[in-house]
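First up is the structure itself, then whatever we jot down about it.
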Amino acid sequence: NSLISQRQIGLHSQTFPMALRAALREDPDVILVGEMRDTETISLAITAAEVGLLVLGTLHTHTASSTVDRIIDVFPPEQQQQIRIMVADTLLGVIAQKLVRKADGSGRTAAYELLTRGSSLPNLIREAKTHQIPTMIQTGRKFGMQLLDSHLRELVDKGTITADEALRVATEPAQFLTNKTGKMAAEFVKV
């Protein structure tokens, strides 16, 4: 059996940190934090993860590596190394998604980047080498990881989205334009 308890900001609590503190008093197994925008909320979420809770949260970021950077950068410089250690020890995964227009005009679909905890992720975070996360994702495809641009290419190949739409949201448009042989992909070249 499951019991879901929800706290709404403005109705049950004044702020996200207040709601998170109240939720922690109820001995939950899982916590969903709708928006992790400030230092206090992120700090409480990390602490909850450290004590063994599954913490799911949302942040406004474009990629998996920028999500990790955002979590760490919200803290003052003198606290960032300790936060890196805490995040490295607790982060299980990141899904970064963008809603993109479908080719047939019938709405939108999600294009996503997926980062899962691999053996090298904690070290990259601890050593402030988050710029290497995209490479780790690329080499971790066998573990289900996927770069946003790879998923965009799949969506274009399936005809779900147009090449123009993919280029509009690609994280590395120049690399996105080249195929495996290093030549410019013809379907992306405008005449």
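In this text, residue positions in the sequence shown follow my numbering: the first is 60, and each later residue adds one.
Even for Gly, the Cβ is constructed at its ideal location relative to N, Cα and C.
Bear in mind that the values here come from a model prediction, so they are computed numbers and not experimental data.
Whole angstroms are fine: how far does the CA of residue j sit from the CA of residue i?
| i | j | result |
| --- | --- | --- |
| Met95 | Thr117 | 6 Å |
| Ala78 | Arg66 | 6 Å |
| Val146 | Lys217 | 36 Å |
| Leu62 | Ile131 | 32 Å |
| Leu173 | Pro181 | 16 Å |
| Gln197 | Pro76 | 35 Å |
| Leu128 | His190 | In the sequence as presented, Leu is not what sits at residue 128; that position holds Asp. Using only the alpha carbons, I get a separation of about 9 Å. |
| Lys239 | Pro136 | Model confidence at Lys239 stands at a pLDDT of 45, short of 50, so the residue's coordinates are unreliable and nothing is read from them. |
| Leu183 | Leu112 | 23 Å |
| Ile105 | Ser64 | 20 Å |
| Glu224 | Val159 | 7 Å |
| Leu211 | Ala123 | 15 Å |
| Thr194 | Thr221 | 26 Å |
In chain order, what residues of the same chain lie with their CB nearer than 7 Å to the CB of residue i, ignoring the 5 residues before and after it?
| i | result |
| --- | --- |
| Thr219 | Lys161, Ala162 and Thr168 |
| Ala108 | Val114 and Thr149 |
| Lys249 | Caution applies to Lys249, whose pLDDT of 44 falls short of 50 and renders its modelled position unreliable; the model cannot decide the point. |
| Thr126 | Leu118, Thr120, Val153 and Ala155 |
| Met204 | Leu173, Leu174, Thr175 and Ile196 |
| Ala233 | none |
| Leu103 | Pro76, Leu79 and Arg80 |
| Ala82 | Arg66 and Ile90 |
| Glu231 | Asp208 |
| Ser72 | Arg66, Ala78 and Ala81 |
With a CB to CB cut of under 8 Å and the five nearest residues on each side skipped, what residues in its chain are close to residue i?
| i | result |
| --- | --- |
| Lys157 | His121, Ala169, Ala170, Tyr171, Leu207 and Val228 |
| Asp97 | Phe75, Pro76 and Val133 |
| Asp88 | Leu112 and Leu113 |
Which residues does DSSP list as the beta-bridge partners of residue i?
| i | result |
| --- | --- |
| Gly116 | Val92 |
| Ile68 | Ser72 |
Could you tell me the boundaries of the alpha helix (DSSP H) in which residue i lies?
| i | result |
| --- | --- |
| Glu85 | No alpha helix (DSSP H) holds Glu85; DSSP gives it neither H nor E. |
| Leu103 | Thr98 to Glu109 |
| Glu231 | Unbroken run through Glu231: none, as it is neither H nor E. |
| Thr126 | Ala123 to Asp132 |
| Thr149 | Pro136 to Thr149 |
I'd like the list of long-range same chain contacts for residue i, defined as Cβ closer than 6 Å, with 5 residues on each side in sequence excluded.
| i | result |
| --- | --- |
| Leu91 | Leu115 |
| Glu99 | Pro76 |
| Arg200 | none |
| His226 | Inspection of the sequence shows that residue 226 is occupied by Leu rather than by His. Contacts found: Pro232. |
How about residue i: is its C-beta nearer than 7 Å to some C-beta of chain D?
| i | result |
| --- | --- |
| Asn182 | The structure shown has no chain D; it contains just one protein chain. |
Minimum length 3: unbroken beta strand (DSSP E) runs contained in the region 152-213: 152-160 and 167-175
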